[in-house]
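Engineer:
In the numbering used here, the protein residues as written are 302 to 473.
(1) For residue 454, which of 342, 404, 350, 385 has the nearest alpha-carbon?
(2) Within 10 angstroms of its Cβ, does residue 421 collect 16 or more other Cβ (buried), or is it exposed?
(3) Any idea if residue 368 is buried or exposed, counting beta-carbon neighbours within 10 angstroms, 16 or more meaning buried?
(4) Compare the beta carbon distance of residue 385 and residue 378 with 9 Å and say whether it is the shorter of the two.
(5) Report the three-state DSSP secondary structure of residue 470 (helix, strand or coil).
(6) Which residue marks the beginning of the alpha helix (DSSP H) containing residue 395, and which one marks its end?
(7) At a threshold of 8 Å, does residue 451 count as lining the ligand ADP (C-beta to nearest heavy atom)?
(8) How should residue 434 be labelled, buried or exposed, when 16 other C-beta atoms within 10 angstroms of its C-beta is the threshold for buried?
(9) How is residue 443 classed by DSSP in three states: helix, strand or coil?
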């Protein structure tokens with residue numbers, strides 16, 4: 302693949318797609334070439350909400366769950382990948398769908414085709430490790446309850462919705 306094609310896929314195409322989705326005010330699927338692979342599609346759709354995660358960030362099992370959850374933000378409610386999950390896991394993922402719908406973040410129509418979603422899922426499921434990648438040692442947590450205050454929300458979920466938090470140690 303030549304340098305121009307790489308630049309187009311990695312930089313220009315995601316910006317155009319996000320701009321089109323964001324500025325159109327509509328939740329309609331975007332027409333994309335059929336040749337785009339799952340990694341490229343993830344770079345287009347995931348970046349509209351967050352930095353595109355690498356597949357080795359989570360295990361295959363975790364991606365099964367998380368991709369189902371992330372699908373809700375793209376207008377996809379496909380539970381077929383969750384077959385065989387525990388009742389607790391299914392209750393949890395249904396609560397997350399309810400949260401996304403209650404917050405009016407579930408698009409009326411899917412933002413991507415079923416085939417595009419399948420390619421994104423396959424990219425993560427094929428590249429993700431079975432076991433977590435070893436982590437670096439971390440400093441002990443400073444417990445100081447004076448730094449935070451509890452703020453009640455309008456959402457009443459049985460389980461927490463936050464799956465990951467990153468602390469910017471340099472800026473607090």
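Glycine included, C-beta positions come from ideal geometry on N, C-alpha and C.
Bear in mind the structure is a predicted one, so any value in this text is a computation, not a measurement.
Structural biologist: Considering the structure as presented:
(1) Ranking 342, 404, 350, 385 by Cα distance to residue 454 puts 404 first.
(2) That one is buried.
(3) Looking at its Cβ environment, which holds 16 or more other Cβ atoms inside 10 Å, residue 368 is buried.
(4) Contact check for residue 385 against residue 378 fails: the beta carbons are separated by 9 Å or more.
(5) Correct three-state label for residue 470: coil.
(6) If you look at residue 395, you'll find it in the alpha helix (DSSP H) that goes 388–403.
(7) Of the ligands one can find in the structure shown there are none, so the ligand ADP has no counterpart to examine.
(8) Exposed, because fewer than 16 other Cβ atoms sit within 10 Å of the Cβ of residue 434.
(9) Residue 443 carries a coil assignment under DSSP once its states are collapsed to helix, strand and coil.
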